[in-house]
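The structure under discussion appears below in the form of C-alpha cells.
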C-alpha cells in the first residue's frame, strides 16, 4: 500500500481534490460537511484491503465551486459522472453524514456501478418527533463537541480542525453546506419516497449517542431501504470512524465480507 497524496481531478470542467491509496475493489468514501482534506487513520485501515478513493466534493476544501452546484442531488449526479470518468465498477460506496445523504440520493438514481452502499450517520431524511442538534446555531467549539460522545475525542479533534490556518477552508465548507441544506434543514422531503429503489446490499452504521441524527434515524433508513441491515455502535456520537475506529472498521469490513460471500 502506498501513502496517499493529494491529487487534483477535473470532472466535466470541475476540478476537485482527491486522495487515493490501496488496492482491490474500489471503496469510494463521501465525506461529511466538515470536509475531506485529511487522510484519517480509519482510511489507512481500509486501504489495507481496498482501493480507497476519497474525493472532496465540489464546493468543499480545495475543490472548485461550480456554477451548477445548488442542491445535494447535484452532487449525487456529479458522482455518476465521477465514476464514469474513472471507469469505476463494482464500487463499495460509503457516505458519512452529508456524504451519506449524497450516497443515498446517488443510489436512488443509478446503481449500475455499485456493489454495495454503506450509510454512516447519514443526513437526508426527517424523523418527526425526534429532536436533533442544529449545528448552525452553535459556535465552532460547540459544533465539534456535539459530534462526540467522549469529550476527550472532541478535545483532540479541536486541535486539528480549529487551527487558525484552516479558517478560510472551514468558512468555505460551512458556507456551501448552508447553501445546500439550509431549508429544509438537513433533509430532502422527496428522498424518503424513493429509497425503495436502492437495489444493492445496504448497511447502516450509527453511533448510539449521535446527537445530530439520533439512532432513530438508523431505524428509519432501515425501514425505507429494502433488505438493509444496521449496526449501532455503543458509546459513540456522530463520527464513528473517528470515535470508535476499530468498531467502525469491523462493522464495515464485516458487512463487505458477508456481501462477497453471498455474491
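Residue numbers (this note's numbering): 1 to 263.
Backbone N, C-alpha and C define an ideal beta-carbon position, used for all residues, glycine too.
- Spatial neighbours of residue 114 within its chain, please: CB distance less than 7 Å, with the 5 preceding and 5 following residues excluded, ordered by chain position. Around residue 114: 91, 93, 107, 200.
- Query: Which one of 227, 89, 229, 238 has the shortest CA to CA distance from residue 153?
  - Reply: Residue 238 holds the alpha-carbon nearest to the alpha-carbon of residue 153 among 227, 89, 229, 238.
- Item | Distance, residue 75 Cα to residue 58 Cα | For residue 58 and residue 75, the distance between alpha carbons rounds to 7 Å.
- Task: Starting from residue 116, trace the beta strand (DSSP E) both ways and give me its first and last residue.
- Result: Segment 114–120, the beta strand (DSSP E) holding residue 116.
- Message: If I follow the unbroken beta strand (DSSP E) through residue 18, where does it start and stop?
- Response: Note, residue 18: beta strand (DSSP E), 14–21.
- Using 8 Å as the limit for Cβ to Cβ distance, is residue 217 near chain C? In the structure shown, chain C does not exist; there is a single protein chain.
- Message: Quick check: what's the CA-CA separation for residue 185 versus residue 147?
- Response: For residue 185 and residue 147, the distance between alpha carbons rounds to 17 Å.
- Query: Alpha carbon to alpha carbon, what distance is there between residue 187 and residue 176?
  - Reply: Distance between residue 176 and residue 187, taken at the CA atoms: about 15 Å.
- Opposite residue 232 in the DSSP bridges: which residues? Its beta-bridge partners are 206.
- Query: Excluding five sequence neighbours on each side, which residues of the same chain lie with their C-beta closer than 6 Å to the C-beta of residue 12?
  - Reply: Take residue 12, set aside five residues on each side of it, and the residues of its chain with a beta-carbon closer than 6 Å to its own are 81, in chain order.
- Item | Candidates 141, 258, 103, 16: closest to residue 121 by CA position | Taking only the C-alpha atoms, the option nearest residue 121 is 103.
- Query: residue 125 and residue 192 look like a contact to me (Cβ under 8 Å); what is the Cβ gap, rounded to whole Å?
  - Reply: Right, their Cβ atoms sit about 5 Å apart.
- Message: Only counting the same chain, and skipping five residues up and downstream in sequence, which positions put a Cβ closer than 6 Å to that of residue 37?
- Response: Closer than 6 Å at the Cβ level, and outside the excluded window around residue 37, lie 61.
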